[in-house]
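Just so we're aligned, residue 57 is where the sequence shown starts under this note's numbering, counting upward by one. All C-beta atoms in this analysis are idealised placements derived from N, C-alpha and C, irrespective of residue type, glycine included. Bear in mind that the values here come from a model prediction, so they are computed numbers and not experimental data. Take a look at the structure below.
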Amino acid sequence: MRIKQLAFRNSAWNPISETPAFAASQAQLVLAFGERKCLEDLQPYDYLRGLFPAAEIVINSTSGEIYQNSVHEGTIIVTAIEFDKTLVKTTKIDIENHFQSAESGKKIAQNLLADDLTAIFVISDGGRVNGSELIAALNEHTGDKILISGGLAGDEARFEKTLVGLNENPKEGKIVGIGFYGTQLTVGHGTMGGWDVFGPEREVTESEYNVLYKIGEKKALDLYKEYLGKYADELPGAALLFPLSMRATADAKPIVRTILSIDETNRSMTFAGELPKGALVRFMKANFDRLIDASASAAQNSMSLFESPPELAILVSCVGRKLVLGSRTEEEVEAAREIFGEQPIMTGFYSYGEISPLNPNARCELHNQTMTITTFSEK
Numbered sequence: 057m058r059i060k061q062l063a064f065r066n067s068a069w070n071p072i073s074e075t076p077a078f079a080a081s082q083a084q085l086v087l088a089f090g091e092r093k094c095l096e097d098l099q100p101y102d103y104l105r106g107l108f109p110a111a112e113i114v115i116n117s118t119s120g121e122i123y124q125n126s127v128h129e130g131t132i133i134v135t136a137i138e139f140d141k142t143l144v145k146t147t148k149i150d151i152e153n154h155f156q157s158a159e160s161g162k163k164i165a166q167n168l169l170a171d172d173l174t175a176i177f178v179i180s181d182g183g184r185v186n187g188s189e190l191i192a193a194l195n196e197h198t199g200d201k202i203l204i205s206g207g208l209a210g211d212e213a214r215f216e217k218t219l220v221g222l223n224e225n226p227k228e229g230k231i232v233g234i235g236f237y238g239t240q241l242t243v244g245h246g247t248m249g250g251w252d253v254f255g256p257e258r259e260v261t262e263s264e265y266n267v268l269y270k271i272g273e274k275k276a277l278d279l280y281k282e283y284l285g286k287y288a289d290e291l292p293g294a295a296l297l298f299p300l301s302m303r304a305t306a307d308a309k310p311i312v313r314t315i316l317s318i319d320e321t322n323r324s325m326t327f328a329g330e331l332p333k334g335a336l337v338r339f340m341k342a343n344f345d346r347l348i349d350a351s352a353s354a355a356q357n358s359m360s361l362f363e364s365p366p367e368l369a370i371l372v373s374c375v376g377r378k379l380v381l382g383s384r385t386e387e388e389v390e391a392a393r394e395i396f397g398e399q400p401i402m403t404g405f406y407s408y409g410e411i412s413p414l415n416p417n418a419r420c421e422l423h424n425q426t427m428t429i430t431t432f433s434e435k
């Protein structure tokens, strides 16, 4: 595997890194993670196609760009990958609303499934998709036998629109699936949150997709404000400090759900992921050191299949973590680097949702407020 990285920053394209013997004409996959308005202004596809004529080019908007040990804003980070023994196939699905999410997942699986399929990496629109339904359908139609990871595109903290493109400039309402084929590729994963839970576990008694109306017998927002105490006056901004831990069923592992907005009239809360009726939820609060330590744990878990450090690591972290950590955001990227050492090329982005199994041999799920890492090496 050989890799080249470049960045658009300060109104110009700049090289970042390049492994020996990389041949741009032989690159099979290009990942371009960029700030949404920068992508709209620059329209980078034609430039990238000129550099990498044979590659599948995937472009998406972000809430922050990651490369090497740093977090950036207002840039485009490009990672071009030339595999030796691995084939890459891509597919693109259009989606108009979240009701089409399950069918989109089914189509991606059908378009990519093959006997030698090793892993699927998904880059999805972050505004129109029900990520939980998308991933559930992918799991079902791959027989829970294929590693699935990735993320939902972001739009800084604006939440206006997200863009995804495959072999074209990115647009709204697109989902891209990238399939990796062959027996010589090792793909690892790790995801971790690092939030503290508090208070008793309660049942969701009224919800619709990602809108939570009631927890137990109380209106969701009323109960939430009771637990926030003095922070209730700082809503909706303070909601990033207090996400929810959710178990879809009593025997499921907890995952995190980020609060996007509140509705004072209906006393409801809208989340960046589905909260089904009957789910069990607990309140959570930020612990800055544990958030950073979680990134190191995700990196460590992502290397469980490797005898030596991976060649490539793709980090997908939540916009909520970035807003909470503030000036300490780079520390979670640095924590991953300390675990990996100097060898792997690192890239990634801040997202509206992270896609990964929670544990080895577990089903893939949509996460919020996690650091999710996918690692790659060829034998």
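Along the region 274-341, the beta strand (DSSP E) occurs as fully enclosed runs of 3 or more residues at 300-303, 311-313, 315-319, 324-327, 336-341, listed in sequence order. Bounds of the alpha helix (DSSP H) holding F396 are 385-396. Between the C-alpha atoms of A79 and A111 there is a straight-line separation of about 11 angstroms. In the DSSP annotation of this structure, the continuous segment of the alpha helix (DSSP H) that includes G161 starts and ends at 157-168. In this model, I149 and E138 are separated by some 25 angstroms (Cα to Cα).
Runs of the alpha helix (DSSP H) lying entirely within the region 163-246, each at least 4 residues long, are 187-197 in chain order.
Comparing alpha-carbon positions, the option among G235, T403, P71 lying closest to D172 turns out to be G235. Comparing alpha carbon positions, the residue from I164, A392, S433 closest to S364 is S433. Under a 10 Å Cβ-count criterion, F254 is classified as exposed, with fewer than 16 other Cβ atoms of the shown protein chains found around its own Cβ. Burial state of A369 is buried, judged by a 10 Å Cβ sphere holding 16 or more other Cβ atoms. The beta strand (DSSP E) runs of length 3 or more contained entirely in the region 72-153 are, from start to end of the chain, 85-91, 112-118, 121-123, 126-128, 132-138, 143-150.
When only Cα atoms are considered, N153 and V185 end up about 6 angstroms apart. Contact check for V389 against E212 fails: the beta carbons are separated by 9 angstroms or more. Per DSSP, G376 is one residue of the alpha helix (DSSP H) stretching across 375-381.
For S353, the enclosing alpha helix (DSSP H) begins and ends at 344-358. Note: S407 is bridge-paired with C374 in the DSSP secondary-structure output. Under the DSSP assignment, Y269 falls in the beta strand (DSSP E) whose first and last residues are 267-271. When DSSP states are grouped into helix, strand and coil, N417 belongs to the coil group. The straight-line gap separating the alpha-carbon atoms of R303 and A342 is approximately 19 angstroms.
Proximity of the region 226-240 to the region 302-317 falls short of the contact definition, fewer than three beta-carbon pairs being nearer than 8 angstroms. Judged by pairs of C-beta atoms under 8 angstroms, the region 242-254 touches the region 417-430, as three or more such pairs exist. Sixteen is the threshold: since fewer than 16 other Cβ atoms of the shown chains lie within 10 Å of the Cβ of D278, the residue is exposed. Nearest Cα to R393 within the set G382, R419, N417, A350: A350.
In the structure shown, E367 adopts coil according to DSSP, grouped into three states. By the C-beta criterion, the region 80-92 is judged to be in contact with the region 114-122, since at least 3 inter-stretch pairs fall below 8 angstroms.
Here V134 has L62, A88 as same chain residues with Cβ atoms under 6 angstroms from its own Cβ, once five neighbours each way along the sequence are excluded. One alpha carbon belongs to N415, the other to G246, and they sit about 7 angstroms apart.
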